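As you go down the protein sequences, you meet chains Y and U in turn.
Residue numbering for the first sequence is 1 to 402, as defined by the working numbering.
Residue numbering for the second sequence is 403 to 658, as defined by the working numbering.
Glycine is no exception: its CB is placed at the ideal position from the N, C-alpha and C atoms.
Model, not experiment: these values are computed from the prediction.
Okay, structure first, notes after.
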Amino acid sequence: MNWRAIRIVFGKELRDSLRDRRTIISMIVVPVLAIPLLMFGLGTLMVKTMTKARQEIPHVMIIGGEDSPKVLSALRAAKSLQIVPATADFTNQIVEKRVRAVVKLPQDFDAAITRGDKAEVEIYGYQGEIKSEFAAENLNGFFQNLRDATVRERLESRGVPVEVLKPFTIQRQNVAPPAKVAGNLLGGMLPYIIIILCLTGAMYPALDVTAGEKERGTMETILCCPVGRTELVLGKFLMVLTASISTVVLALLSMGATFQFAKRVLANSVPREALRTIATVDIGGLAGVFLMLLPVAVMLSAALLMVGLFSKSFREAQSYAGPLMLVMIVPAIAAMLPGVELNASLAVVPLVNVSLVCKEMIAGTWHWNYILLIFGSACLYAAAALAVAVWMFHREEVLFRS
Amino acid sequence: MRVHGEVCPILVIETHQLTKTFRDRKRGEVRAVDGISFRCEPGRIYGLLGANGAGKTTTLRLLATLLKPSSGTVRVAGCDAVREPEKIRARIGFLSTGTALYGRLTARETVEYFGRLHGVDEDLLQGRLREVFATLGMGEFEDRRCDKLSSGMKQKVSIARTLVHDPPVMIFDEPTLGLDVMTARTIVQFIRDCRQQGKTVIVSTHVMSEAEKLCDRIGIIDRGRLLVEGTLAELRTQYGATELEDIFVRAVEGRP
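Here it is, written out as structure tokens:
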């Protein structure tokens, strides 16, 4: 192995790519500015719209109930509801968002309650639409209170104590430490974000130093130099890996700074619990995640190099890299799903294993057996991917594909 | 570079029954180069003349050890292409069609990079750079980025890149293809200078007039086979024609 040659190639590729606006955008601008802005912006927007939706008193319609003045006046008096005149096409009114929910009262509702007959109240809402759900919730709350009050009245009228309804109480206790809660919230997300960043950081340079060089004809000129092809491809690979890891590090630093900033700015509008959750993320866990994801960065960089080497032009390489990115993100998403837990067979599935163990590490749980097994297998996959990339660089069918 | 009337064997290019086959999904096995044997000597320009797709580029890539022969042998400067490809690459300069430069590097950085890849010592490299830049008149643009240069300047950077390690053997693949007249003339003059300096030169071309003006020996290649070779005078006698174009057509059509 000629380290001098590898260093020369690496140095040239690094200098070349740092002068390229496209690399700068994907390696520095996107992770440092775009991602935090997106997260912060989206987060603020979400908090604001939710708060606004909560504060807004929803317009609701009452269908029927002309014969039940008691419940009608109670509904009108409810502070959480704004009653609007009823129309026949009430479902349409909900669809068109003119009213958020509708309640349909049966005939003789007041009388039925007094008599102790069965009665059914229907609440109409638009599922999945947040403001409609809030309105339906408010209506539901109103009628639950009414039902409880009715039950109490009936019991009292028959001389039965109210406590008969609650023979015992239930208390739920949380044993998960705050870090564990954060781990479940954040731990699933973090490996996923890092895998995406690894890919975005590596993609442009990986394709440029392979397919791009073929297209410009410079590949032939370096192959004419008295340097082994292994050295050439390793120099290129190291530059791609550097770009990939820099993207991740820059993005994580920037996200950390954003969190600190967000904590100050949002201190008043966000529940303190959520902020404490973020603040208690374990630094050791973060370091562990970063180490675990190193072989993943190697594997992804090598995979993108392979795509670039196989392609005749940059454009062709891009059209392969898009679907490849999707394929690589799927395992990370699978690990994010709630309920998917680490076991012996998942521990050897590439990307899924690392994502799952990272979730645990962020939560402060260190299954050393799994960690060693997964790190070992991740290194193995990385070595295999790199070996294939090096092998491809020795194949003249690949380098001179036409 | 003749020593006591003998050709110094160390700088010779020699091929023997050189063959290169490719597998093609549609056409099956393709013999891009089919049993070619020839010899180029120092201080001489050897011209490979053939139509597009005749096998010129493949032959030159085999000489430069970019491709491995399927059978037959290549020896350049005394080294075998299969056993010692890196030794051969250290002794050749390969200039292919188009300038093929890194647009974001400056002229100086480009030539430095190739010097280092060729193992030129750091203390020798700067002197060598000065020499090459002076010879080619590149002083005014050596610190400008390659993508900002005119095509003539780019061509000079390309030449400087192939010359930085002072190779005794030069390989040119269609060197004037797509160049304007002035730039093409510079290249032709540069190839002559290489011969003047005693380098072994091989040039591929499909331009008859260029081959006629430039080459000491001409090999006519068609569908991977070397049909005939010799000096221009020998070819004229053999085919009874003065124009190289007539000789070429007769050779390809199989007429004596």
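Review point. Counting only runs that start and end within the segment 191-218 of chain Y, where is the alpha helix (DSSP H) found for 4 or more residues in a row?
Key: 213-216
Review point. Which word fits residue 261 of chain Y, buried or exposed, when buried means at least 16 other C-beta atoms lie within 10 angstroms of its C-beta?
Key: exposed
**Study point:** Near-chain U residues of the segment 201-223 of chain Y (beta-carbon distance less than 8 Å), N- to C-terminal order
**Key:** 216, 217, 218, 220, 221, 222 and 223
Check your understanding: With a cut-off of 8 Å, does the C-beta of residue 19 of chain Y fall near any C-beta of chain U?
Key -> yes
Exercise for review: Starting from residue 469 of chain U, find everything on chain Y with Cβ-Cβ shorter than 8 Å and list it in chain order.
Suggested key: 396 and 400
Exercise for review: Taking residue 496 of chain U as the query, report the chain Y residues whose CB atoms sit under 7 Å from its CB, ordered along the chain.
Suggested key: Per Cβ cutoff of 7 Å: 224.
Exercise for review: Compute the beta-carbon to beta-carbon distance between residue 240 of chain Y and residue 305 of chain Y, rounded to the nearest angstrom, for a pair I have assumed lies under 8 Å.
Suggested key: 6 Å
Review point. Any residues in the segment 2-16 of chain Y with a beta carbon nearer than 8 Å to a beta carbon of chain U? Which ones, in chain order?
Key: So the close ones are 5, 8, 9, 12, 15 and 16.
Exercise for review: Give the secondary structure of residue 157 of chain Y by DSSP, where H, G and I count as helix, E and B as strand, and everything else as coil.
Suggested key: If DSSP states are grouped into helix, strand and coil, residue 157 of chain Y belongs with the helices.
Check your understanding: Is any heavy atom in the ligand MN found nearer than 7 Å to the beta carbon of residue 61 of chain Y?
Key -> With respect to the ligand MN, the structure shown offers nothing to examine, as it has no ligands at all.
Practice item. Taking residue 95 of chain Y as the query, report the chain U residues whose CB atoms sit under 7 Å from its CB, ordered along the chain. Key: Those within 7 Å of residue 95 of chain Y in chain U number zero; the least Cβ separation is about 57 Å.
Check your understanding: Between which two residues does the alpha helix (DSSP H) harbouring residue 17 of chain Y extend?
Key -> 3-18
Check your understanding: residue 477 of chain U versus chain Y: which residues are under 7 Å apart at the beta carbon?
Key -> Result: empty, since nearest Cβ-Cβ is about 17 Å, beyond 7 Å.
Check your understanding: How is the beta strand (DSSP E) around residue 419 of chain U delimited, first residue to last?
Key -> 415-426
Check your understanding: Whose Cβ in chain U lies nearer than 7 Å to the Cβ of residue 47 of chain Y?
Key -> Near residue 47 of chain Y there are no residues of chain U at all, since even the closest Cβ is about 44 Å away, more than 7 Å.
Practice item. Please classify residue 104 of chain Y: does DSSP put it in a helix, a strand, or coil? Key: strand
Practice item. Report yes or no: is there a C-beta of chain Y within less than 8 Å of the C-beta of residue 652 of chain U? Key: At a cut-off of 8 Å between beta-carbon atoms, residue 652 of chain U makes no contact with chain Y.
Practice item. Mind reading off the beta-carbon distance from residue 386 of chain Y to residue 298 of chain Y? Whole number of angstroms is fine, and I expect it under 8 Å. Key: 6 Å
Check your understanding: DSSP on residue 602 of chain U, reduced to helix/strand/coil?
Key -> Three-state result, residue 602 of chain U: strand.
**Study point:** Closest residue to residue 557 of chain U among U:417, U:541, U:470 and U:581 (Cα-Cα distance)
**Key:** Nearest C-alpha to residue 557 of chain U: U:581.
Review point. In chain order, what residues of the same chain have a beta carbon less than 7 Å from the beta carbon of residue 645 of chain U, not counting five sequence neighbours either side?
Key: For residue 645 of chain U, where only same-chain residues beyond five positions count, there are no Cβ hits under 7 Å.
Exercise for review: Could you tell me whether the Cβ of residue 506 of chain U comes closer than 8 Å to any Cβ of chain Y?
Suggested key: yes
Review point. Buried or exposed: where does residue 242 of chain Y fall if 16 or more other Cβ atoms within 10 Å of its Cβ makes it buried?
Key: buried
Exercise for review: Tell me, please, whether the segment 350-368 of chain Y touches the segment 224-236 of chain Y by the rule of three or more beta-carbon pairs shorter than 8 Å.
Suggested key: no
Practice item. Under 9 Å between beta-carbons, which chain U residues line up against residue 308 of chain Y? List them in chain order, please. Key: None at all; the shortest Cβ gap to chain U is about 16 Å.
Review point. Mind checking if residue 500 of chain U is an interface residue toward chain Y, Cβ cutoff 8 Å exclusive?
Key: yes
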